[in-house]
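Reading through the structure tokens given below for one structure.
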Amino acid sequence: MARKRPSPLKRQREYDKRQRERRKAEKAAEKRARRENRAAADAEAAGEDGEATPPPADAGETENPTETPPSA
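Right, dumping it as structure tokens:
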């Protein structure tokens, strides 16, 4: 005996449900990829060892380069 086809409305609801699930999975994958890319960019900016790169030792410490700092 042949099976009866589901009504067009039921088929449309099932299709819409699958589309929503697919879009939700795609959106989650996009968010995951963005998060991984951001983490990789942050790690690259921080340096290869994963720590923040320290500023140069003499950056902004002396206003006049000819002036010698007082020794203690």
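All letters in the sequence shown, in the order written, are residues 289 to 360 by the numbering used here.
Glycine is no exception: its CB is placed at the ideal position from the N, C-alpha and C atoms.
What's the gap between the Cα of residue i and the Cα of residue j?
i	j	result
E302	A317	23 Å
R293	E314	30 Å
N325	L297	42 Å
R310	R320	15 Å
Q307	A328	31 Å
S295	E332	55 Å
A290	Q300	22 Å
K312	K305	11 Å
R322	G335	20 Å
Secondary structure, beta strand (DSSP E): runs of 3+ residues fully inside the stretch 297-338: Those beta strand (DSSP E) runs which fall completely within the stretch 297-338 and span 3+ residues do not exist here.
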